[in-house]
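Residue numbers (the working numbering), protein chains in the order written: chain A, 6 to 381; chain B, 6 to 381.
Note that beta-carbon positions come from the ideal geometry of N, C-alpha and C, so glycine has one too.
Computed from a prediction, not measured in an experiment: that's the story for all the values here.
The structure under discussion appears below in the form of structure tokens.
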């Protein structure tokens, strides 16, 4: 993996860059659509390429480990082969889902014991087996096992947890560095900064992660319920410490405005279920603001969903038609809305990149934040 | 509308033809995907063109009348504009749904009174307003109002009902011939043969319909629970009477084998929810036989869904991947299976056409019926 910085913005910490992987180039800042169970919900892979212009997607280790399972995954030749997505993939470590989905979880020094949310079967994720699992899945970027600290959390637990996450990181690195990719293409391990909302812990964690000197770094444990201002403060604090010449990935963030503000702080990579999940509830993010497509006001509005989005789906269909599909609970409504929202997110980060390169990022960003937060 | 017969098969009553409408040419025999509520469930219109090779789709008057309603439909400029589907469309009369879906229906000489399955509101379909509604929807082919007789039905009711359907047909024709299309393109009214499973009633009805001398004719009231052999007998009887030089549409039929057998009897047009509905339950129709994709036997079968289908979707994805999507209840599973099944149905009728033109239809048909009915 190579990371090249094309431009540093002068009015902010924003950067435009290019990540080169064995599955192709990623232009940053980038948003990664979430493909939890080997599919971005309701969107064909051809649409991710030709409509959304996705450059990298995310898979969830927890879900893939449980279903289809690692035996099928290895027989298939990894997630790229299994899903037919031939561009870059990032998998998370499963840590977040263990905390948010599974029952009877128990954290020990060894790892995280949990019960499957599907059939109640008992499993353990350790730093070592999470590396092995992600070798089998075969993503281009794989994440270290961390404990995702819930919000709020008392300082003492947050410190103990963060220190354990650091010890787990060392074990991840040890395992990763002594094993090989299974399918011939390179994999890159990303450590994760934790520390809850405590600035001192975040600094300590960022310094520890930076000292590990891996090719890319991530910030976890945000978007877990903390106030947006806290998330921004954590991001700013951590970005000051993480090396400038390596990609920075802010996990699980966020709204269009969140993306723009965090790009300004120096974040290069994002993922979030919001564009797809909210799409399925009829919430559209557009270049003019936020639309609840189920509202009666759209019933005879025959204007396109969003004329600024590159997806032909966003130009072709009218708001009135999409509203009809939602009122009628038709699959095609979820499909169109999902393509549109993802296409909007990808358009937004590519516009951000364009304005970083052109040197007017902050002016553009401040105008755009106003637009994208307004409710139509 | 023009209908040209390209070839009459010598070993059966099968025919290859071409229907020309203001929205393009339809090569027969043809299968029409069902787009109930202004969408073929889970399939994009671009996929209907580029993957399925659909040449005409069906819309349901009952559903469109209730939702989005005729005010929106007229403001949109009709169903073609509203949905963005710019090829031919056929709408049914709403008669079938009144009998299958709505509550408290009541049939009088005037028409069919019913309560909406959505909100319980009271409505009436008359031969006249069903013509007016279908003028607003603006399909290329529109259907006369008929009573869909349930199976089984006693002879006396069947006769009274069929005679009333004939009187309704006269009123439909009167209204149709004294009104104009709203959107500039031609519409063609199709009468419907009824008569339940009674051969004498079917003959009488077919003779009445033939005597109306409309450009195309339909056979209704089949696929309502009667034995397959009865459906074949009705179809054969009616096809002997309906004029050879006009398209014949068998409503609501059927399985791949049903299509092949009825093509052999002289049917030119089909529609059925089976390929899409069964797709959503994991039943795939393929050139090798029928697959229940949820079965464990497919879990590590990485062969394509169906290599003979023209849809790239059918080649691209493996059975193991599609099974994973179904087991995980992912939208993309329903989407892929729907595209595949429709693509298979369209492939099947186009293969039938090819073999009619080549002169070996019956030989091919008999082999194919064996293949498509076998369970894999």
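Once the 5 residues before and after residue i are set aside, which same chain residues still bring their CB inside 6 Å of it?
{"i": "residue 357 of chain A", "result": "34, 268"}
{"i": "residue 329 of chain A", "result": "none"}
{"i": "residue 231 of chain A", "result": "156, 202"}
{"i": "residue 270 of chain B", "result": "18, 240, 241, 244"}
{"i": "residue 367 of chain A", "result": "16, 17"}
{"i": "residue 47 of chain B", "result": "339, 340, 343"}
{"i": "residue 6 of chain A", "result": "26, 193, 220"}
Just how far apart, CA to CA, sit residue i and residue j?
{"i": "residue 101 of chain B", "j": "residue 150 of chain B", "result": "9 Å"}
{"i": "residue 122 of chain B", "j": "residue 226 of chain B", "result": "21 Å"}
{"i": "residue 41 of chain A", "j": "residue 219 of chain B", "result": "54 Å"}
{"i": "residue 215 of chain A", "j": "residue 194 of chain A", "result": "13 Å"}
{"i": "residue 128 of chain B", "j": "residue 120 of chain B", "result": "6 Å"}
{"i": "residue 224 of chain A", "j": "residue 364 of chain A", "result": "27 Å"}
{"i": "residue 147 of chain A", "j": "residue 136 of chain A", "result": "8 Å"}
{"i": "residue 14 of chain B", "j": "residue 361 of chain B", "result": "6 Å"}
{"i": "residue 317 of chain A", "j": "residue 134 of chain B", "result": "37 Å"}
{"i": "residue 345 of chain B", "j": "residue 38 of chain B", "result": "12 Å"}
{"i": "residue 246 of chain A", "j": "residue 196 of chain A", "result": "14 Å"}
{"i": "residue 138 of chain B", "j": "residue 75 of chain B", "result": "7 Å"}
{"i": "residue 180 of chain A", "j": "residue 132 of chain A", "result": "8 Å"}
{"i": "residue 89 of chain A", "j": "residue 251 of chain B", "result": "46 Å"}
{"i": "residue 124 of chain B", "j": "residue 104 of chain B", "result": "17 Å"}
Measure from the alpha carbon of residue i to the alpha carbon of each residue in the options, then state which is nearest.
{"i": "residue 369 of chain A", "options": "A:19, A:65, A:172", "result": "A:19"}
{"i": "residue 126 of chain B", "options": "B:117, B:139, B:108, B:115", "result": "B:108"}
{"i": "residue 145 of chain A", "options": "A:105, A:52, A:192, A:114", "result": "A:192"}
{"i": "residue 347 of chain A", "options": "A:28, A:62, A:27, A:15", "result": "A:62"}
{"i": "residue 204 of chain A", "options": "A:244, A:177, A:15, A:124", "result": "A:244"}
{"i": "residue 53 of chain A", "options": "A:91, A:73, A:261", "result": "A:91"}
{"i": "residue 311 of chain B", "options": "B:217, B:161, B:381", "result": "B:381"}
{"i": "residue 116 of chain B", "options": "B:177, B:73, B:248, B:105", "result": "B:177"}
{"i": "residue 371 of chain B", "options": "B:57, B:261, B:251, B:140", "result": "B:261"}
{"i": "residue 275 of chain A", "options": "A:234, A:246, A:222", "result": "A:222"}
{"i": "residue 331 of chain B", "options": "B:349, B:284, B:89, B:181", "result": "B:284"}
{"i": "residue 281 of chain A", "options": "A:12, A:32, A:45", "result": "A:45"}
Hey, would you say residue i sits closer than 9 Å to residue j, going by beta carbons?
{"i": "residue 97 of chain B", "j": "residue 256 of chain B", "result": "yes"}
{"i": "residue 228 of chain A", "j": "residue 258 of chain A", "result": "yes"}
{"i": "residue 78 of chain B", "j": "residue 69 of chain B", "result": "yes"}
{"i": "residue 158 of chain B", "j": "residue 202 of chain B", "result": "yes"}
{"i": "residue 206 of chain A", "j": "residue 164 of chain A", "result": "yes"}
{"i": "residue 292 of chain B", "j": "residue 307 of chain B", "result": "no"}
{"i": "residue 171 of chain B", "j": "residue 130 of chain B", "result": "no"}
{"i": "residue 93 of chain A", "j": "residue 49 of chain A", "result": "no"}
{"i": "residue 290 of chain A", "j": "residue 377 of chain A", "result": "yes"}
{"i": "residue 315 of chain A", "j": "residue 351 of chain A", "result": "yes"}
{"i": "residue 253 of chain A", "j": "residue 273 of chain A", "result": "yes"}
{"i": "residue 337 of chain A", "j": "residue 303 of chain A", "result": "no"}
{"i": "residue 174 of chain A", "j": "residue 140 of chain A", "result": "no"}
{"i": "residue 26 of chain B", "j": "residue 190 of chain B", "result": "yes"}
{"i": "residue 167 of chain B", "j": "residue 199 of chain B", "result": "yes"}
{"i": "residue 295 of chain A", "j": "residue 355 of chain A", "result": "no"}
Over what stretch of residues does the alpha helix (DSSP H) that includes residue i continue unbroken?
{"i": "residue 168 of chain B", "result": "160–182"}
{"i": "residue 236 of chain B", "result": "233–246"}
{"i": "residue 328 of chain A", "result": "324–332"}
{"i": "residue 81 of chain B", "result": "75–81"}
{"i": "residue 23 of chain B", "result": "Not the alpha helix (DSSP H): residue 23 of chain B falls in the beta strand (DSSP E), residues 20–26."}
Quick one: give me the first and last residue of the beta strand (DSSP E) that residue i is part of.
{"i": "residue 371 of chain B", "result": "It is not in any beta strand (DSSP E) - residue 371 of chain B instead sits in the alpha helix (DSSP H) that spans 366–378."}
{"i": "residue 297 of chain A", "result": "294–297"}
{"i": "residue 147 of chain B", "result": "146–148"}
{"i": "residue 205 of chain A", "result": "Taken as a continuous stretch (DSSP letters only), residue 205 of chain A belongs to no beta strand (DSSP E), being part of the alpha helix (DSSP H) at 204–217."}
{"i": "residue 188 of chain B", "result": "It is not in any beta strand (DSSP E) - residue 188 of chain B carries neither H nor E in the DSSP assignment."}
{"i": "residue 109 of chain A", "result": "108–112"}
{"i": "residue 139 of chain A", "result": "Here residue 139 of chain A belongs to no beta strand (DSSP E); instead the alpha helix (DSSP H) covers 132–142."}
Just to confirm my understanding: we take residue i, look at its own chain, exclude 5 residues before and 5 after, and list those with CB closer than 7 Å. What are they?
{"i": "residue 9 of chain A", "result": "22, 23"}
{"i": "residue 142 of chain A", "result": "64, 66, 69, 78, 83, 84, 96"}
{"i": "residue 112 of chain B", "result": "152"}
{"i": "residue 319 of chain B", "result": "309, 310, 311, 345, 348"}
Please list, in chain order, all residues of the same chain as residue i whose beta carbon is under 8 Å from its beta carbon, the five residues on each side excluded.
{"i": "residue 30 of chain B", "result": "23, 24, 60"}
{"i": "residue 321 of chain A", "result": "309"}
{"i": "residue 87 of chain B", "result": "43, 73, 77, 78, 81"}
Would you say the beta carbon of residue i is closer than 8 Å to some non-hydrogen atom of the ligand NAP?
{"i": "residue 167 of chain B", "result": "No copy of the ligand NAP appears in this structure; indeed no ligand is present at all."}
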